[in-house]
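Numbering (this note's numbering), first residue to last: 1158 to 2420.
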C-alpha cells in the first residue's frame, strides 16, 4: 500500500525539478540575485526529500508522525507548483507585452506593473517554501528515514497452474471461446498463435488461463505444455529455463541463454505445444523477439496464451485478436462470494445474511478478486453487525488482499500518467466521462505541459488517455462508445493515491469528505439547491486548483451567491472553474480577471448575460464553455488576447457577432460557431488563419459576408481536420451572390457531416453532391426555399443520413436527385435514413433507378400535402416508415419485408394491403379508417407488440382474430365509436392507455383480466364507475407498477374485496369527483407504493384507518376539500420514508402545518395557492429536523414566518407570488428576480427566516 503514495509524490517532485530548469523560469530570475539564489536551493531540497520517500512510505503505516511528514511534504510540493505557475504566467505576460508595440499595449503594461510578482512578494513565497522543505529535510533524520539503496520492487508469490474449478463461476463461455482458438480445427496461417487475454487486475485472467491449461482436451491436442508466471520482470533467461524445466520435468543449472534456447529448440522440434505466459508486463518488442526465437521449432498451430493488464503488451505479442475479459455478472459474483463466506453451510440457512451478502457482492462490481477477498473475510462469521460493517465500509479499510493486486498497475505507470490517473479521483464512482472532457481538464493541470514530451497538448492527452485505457484503468461503456467509466476499485485506488488533496462533495454523503487547507481539487455533485451550508468550509482551501461541478439533477439547479466570493475573489490559484447548469448565475464579477492561472472555465447552461472584459487578461485560458447560455449575446471585445485558447463552445447562445481579432487565436482547435455581424466584428476571412480547427464548426449569418472573396479567404478547403460543418444564412435575407459565397465555402473532402440552412439561391454550386466527398455520412439541406431542384446527392458513396426540409419550390424529384455516378454503383447505395419534411409544392417523386436505396432502414415523409406519387416500390432493408400529413399521397406502401415500425397520420389516399408479418409497432393517427381496413392491415402481423390508435372516429371495433393475443402495449385515445369490450381479448398486455369517451363504455374495468399489466392509464372515460377483480378476495397483481385514473367523474370505487398490487409504486387519482374512499387496506394491498397523488377528488374524506403504505416517499394533495378538512387524522407522521409533501388549492387553510402533522423525515415541503393562509405554525415545523427545501407559492395573505424560526436544517426557500413576504424580503435587501429566481445568502445574527439561502421570484418555479 505504501508504494502507491510514494509513486505519486515521486512523480510530482520529478515534474517540479523539470520545471525549475525550464527557460521561462531561468530567464525570469536572471539578474535578480536574491530570487536566483533561492531558486538554486529549491532543486537540491526537492531531491533530498525524494531520496528518502521509499523508506518514508514504508514506515508511514505504523508511524503517524511519518504520515504527517509525507502530507506536509505533498502540501509543500503543491505550493512550489503554484509558485512556478506564477512564474510561468509572469513570463507569458512579459512576452506578450513585449511583442505588442501599440500605444494601447503601453497602457496595459503600465496597468500590469503593479501586478508584477516580484513587486508582490515572490521572493518571500520562495523563502517560505524553502524553509518548509529544509525543515522537512532536517526532520528526516529525526524520524529515522534513510535513502533508498537500489531499485524498488514488489515481491509477490507467482501464480501456478493449479486451480479449484469448483470455486470458479461465470467463466464457461469465456473458457470455451479460448478453447475454440486452441482447437486443432481452428487453422490459422500463423506458425504459432499468440492469444492475449487482457483485463484489469483482479478480473480473473489467471483463473481463466488455469481453467484452459487444465482442460482435458489440452492433453489430446498438444504434445507438451508449460506454465510460466512472468510477472513484472521480463527475464528471457528465467522464462526459457522455466519452460525447459516444465517440459523435461528436471532442473537445468545453466545460466547461459544461448545454451538454454538451443536445448529448448531441440525439445520442441516436431512437437505441438501450449505455453501459458501469465501476468506479462513487458512492452518492449525486442525482448519478446529474443524470447520467442526457439519457439518456431514447434509444429504449426502451436499456441501461446498470454495474460496481461496492458493492451500495449498484447499488441506486440498477439497473432490473433485480443480477448478482452469482462467482469462477472452480479449473480456470479454473489455465487463466488457465497462460496467463500458460507463455509460448510448454505446461504439459505442464514436468510438474515443472504440479503446483506448479495448487496456486498454488488459492491464488488463484478471483480472476482474482491468477491473472494470479502467472502474470505466473513468466512464462518454469522454476526449481522459484522456483515453490515463490511457492506458500509471502504473495501480498502477492511481487507489488505485487494489493493496489492491493483496497486501494481499504478506503481508501474510513468510519472506523468500517475498524475493524470490521480486527478481522476475527482470523479465520483460510476461517473460517466468523455475522453475530450477529461483531456481538457488534464490540460488545465501540469502533467500534459511538463511531461518531458514535445508535441501538442491535445495529442499528448489523447496518447495518455489511450495508454490508461489500454492498461484497464478506464472502461468504455458498451451502450455509449463515447463515454468511459472507472471500476469502483480503480476509483478507490485513485482516491487513495490522491489522499485528502482531492475532495468530492457528493449530494447524498457530503459529510464523508471534508474540505481542508490541503484540498487542491474539489468536485461538487449538484443538487437542486446547493446552499451555503454545503460550501461553508470552502474558504479553508486557499490553494484550490479545481472546482468542478458535476451534473446529477435533471432540472435547473441553484447555488448560493457566496460561491462567487469564495471562488473568484479568494481562490487565486484556480486552474479549473466549472459553474455549469446553475440557473441563477447571470453574471461574472470583474474580479474573474485576477484568476491568472485559470485555464478551464465552464459556464454552460447558466443564465450568464455578459462576460466582463477582464476575462481577456486570463492569458492561460485554454477552454471556455458557454454551451446553451441562451441569454448571452456578445463576447468580450478583446477576445483576441486569449492566445492560449484551444476550445470555445458557444453552441446554443444568442451571439449576434464574433468580436474582432478572432484570427489571433491560432491554437484554437474547437470553435463550435462563428457568427458574422451585420456591420462589425470578425470577418469570415479570419477563419483562414485558424489552421488548427477540427471537429465541428457552424458559420452563421452568411448573409453578412461582404463579398465572396472573404468567403474564399476562410480557406475551408484546407481545413483537413474539420469533420462537421454547418453553413447557415438567417431568416428571409436574400442576396444575389449567395451561390458565389457557397461556392467559395467548399470544405475539404474529409468532411463527414454537412448542413446547409436557409440558403437563398435557386440552385447549388457543383461541389454539393460531388462524388469526391466520399467520407460524407450525413447531409442536411434545411429551408432552402428558393431551390426548385435537389442537388445530385445520390452519388455520395458513404452517405447514410439525408434530411431535406423546407424546399418550397420543388415540384418534382427525378433523375437530378440520383446524380450521374459510376454506372456500376447504385445511387444512395449506403443510405440508411431519409427524411423529407415541409415540402408544400412537391407533387411527384420519380423512383426509377433500379437498386436505389437498397440499404435504406428509415423513411420519413412529413408535411408534403400535394405529393401524389409515389414512394419507392421496393425497400428491402426498410425497418421504419413514417408518413404524416401527406393527404394526397396515393398508391401502396413500399414492399418492405423487414419493416418493424409504421407511423401513419392524415394520409387517407393511400391504398391498404396486409402489412408485413414482422411489424412490431403500429401507430395510427387521424385516419378515416373503418373496422375492415384495420383488420386487413394487421391480418399478418403476428409479432405486433405495440398498437397506438388516436382520433380514428370511424373505428368501431378492434379486429378479433387479426391482432395477436401477445400484444404488449395498447394505446387508444379519442376513438369515440370504439367498443372497448374487445380490449379484454388481449390478456398479455403490459401497458394499457385509454383516453376519451366512447359509445360502448366499460362501466366496470376488469383489471383482473390483465395479469401482466405493468402500467394502466385511464383518462376522460365518463362511463367508468369501478374496477373489477377476478373471483375471490384480494386478487394479486404482481406486475402492476403504475396506476393513473384521471377525469373519470363517475368512478366511485375500487373492488370491495380489494385487489393486491404488491409492486405498485405510483398511484395518481385526479379529477374523480364521485370517488368517496380509498381501498381500506392500502397498507397491505400496496406495500411498495412510493408516489401518491390525490387531486380534485372532493368526496374523499380520509385516508384508510390502518394508515398509508410505509414506503411512501411523496404525497401530493390538491383541491380535495373533505380530505383536507380532516388533515388532523391523516397519520402522515407515522410514515418513515416520506421526504416530499405537496399541498395546493386549499381555501380553508389559514395556518399550516398542524403540530405533528408531518414526519421528521421530510426534506421538501411545497405549499401552493392557499389564498387564506396567514401564517406558518412553528409547532408544525419544529419536528421537521430534516427539512431542506420549502417552496411557498401564491399565498397572498401570508405575512409572517414562525416567530421562533424555521428548522435549522432548512437551506433553501422559494417565495413565489407572496406579496407580503416579498415586502419583508425587500426590507431585508433581498433582490427579487425579474425574469429568473435570484439566489442570495444572507448571514444574520438571529435565527430568523433570512439566515439561510432564499430564492425570490415573480415568475413560475418548478415545484
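The C-beta atom is built at its ideal place from N, Cα and C for all residues, glycine as well.
Unbroken beta strand (DSSP E) run spanning residue i, endpoints
i            : result
residue 2016 : 2015-2019
residue 1855 : 1852-1857
residue 1759 : 1757-1759
residue 1355 : 1349-1355
residue 1999 : From DSSP, residue 1999 is part of no beta strand (DSSP E); its letter is neither H nor E.
residue 1993 : 1990-1994
residue 1660 : 1659-1662
residue 2174 : 2172-2176
Residue i versus residue j: straight-line alpha-carbon distance, rounded
i            : j            : result
residue 2207 : residue 1942 : 53 Å
residue 2153 : residue 2232 : 19 Å
residue 2314 : residue 2286 : 9 Å
residue 2245 : residue 2220 : 5 Å
residue 2055 : residue 1864 : 51 Å
residue 1158 : residue 1564 : Confidence at residue 1158 is low in this model, with a pLDDT of 37, below 50, so the placement of that residue is unreliable and no value is reported for it.
residue 2029 : residue 2004 : 6 Å
residue 1221 : residue 1300 : 11 Å
residue 2099 : residue 2196 : 24 Å
residue 1170 : residue 1206 : 9 Å
residue 2113 : residue 1504 : 57 Å
residue 2291 : residue 2365 : 22 Å
residue 2020 : residue 1964 : 11 Å
residue 1354 : residue 1420 : 29 Å
residue 1175 : residue 1204 : 12 Å
residue 2176 : residue 2227 : 9 Å
residue 1448 : residue 1595 : 38 Å
residue 1467 : residue 1479 : 11 Å
Minimum C-alpha distance to residue i - residue among the options
i            : options                : result
residue 2255 : 2271, 2234, 2239       : 2234
residue 1832 : 1854, 1825, 1848       : 1854
residue 1681 : 1933, 1691, 1675       : 1691
residue 1794 : 1767, 1249, 2142       : 1767
residue 1998 : 1814, 2046, 1354, 1812 : 2046
residue 1835 : 1572, 1848, 2148, 1812 : 1812
residue 2007 : 2026, 1985, 1996       : 1985
residue 2344 : 2362, 2350, 1199, 2356 : 2362
residue 1783 : 1770, 1758, 1801       : 1758
residue 1428 : 1877, 1209, 1376, 1520 : 1376
residue 1771 : 1223, 1799, 1787, 2035 : 1799
Run of the alpha helix (DSSP H) containing residue i, from where it starts to where it stops
i            : result
residue 1397 : 1393-1405
residue 1733 : Counting along the chain, residue 1733 falls outside any alpha helix (DSSP H), though it belongs to the beta strand (DSSP E) covering 1733-1735.
residue 1619 : 1614-1627
residue 1369 : 1362-1370
Per the contact definition of three or more C-beta pairs closer than 8 Å, is the region 1456-1475 in contact with the region 1396-1412? no
Going along the chain, which unbroken runs of the alpha helix (DSSP H) with 4 or more residues stay wholly within the region 1470-1552? 1487-1498, 1508-1520, 1525-1534, 1541-1549
Assess contact between the region 1461-1481 and the region 1499-1506, defined as three or more Cβ pairs (one per stretch) separated by less than 8 Å. Is contact present? no
Under 8 Å, with one C-beta from each stretch per pair, do the region 1290-1305 and the region 1217-1237 reach the 3-pair mark? yes
Touching or not, the region 1509-1528 and the region 1329-1348, by the rule of three or more beta carbon pairs under 8 Å? no
What runs of the beta strand (DSSP E), each 3 residues or longer, lie entirely inside the region 1738-1824? 1757-1759, 1780-1782, 1804-1806
Give, in chain order, every unbroken run of the alpha helix (DSSP H) that is at least 4 residues long and sits entirely within the region 1912-1975. 1972-1975
Any 3 or more C-beta pairs closer than 8 Å across the region 1349-1364 and the region 1400-1409: no
Segments of 4+ residues assigned as alpha helix (DSSP H) that fall wholly inside the region 2182-2221: none
Meets three-Cβ-pair contact criterion under 8 Å: the region 1709-1719 and the region 1655-1662: no
With contact counted as at least three CB pairs below 8 Å, one residue from each stretch, are the region 1425-1444 and the region 1389-1398 in contact? yes
Would you check if the region 1953-1965 and the region 1919-1936 touch, i.e. whether three or more CB-CB distances between them fall below 8 Å? yes
Minimum length 4: unbroken alpha helix (DSSP H) runs contained in the region 2283-2316: none
Should the region 1480-1499 be regarded as contacting the region 1369-1386, the criterion being three or more beta carbon pairs within less than 8 Å? no
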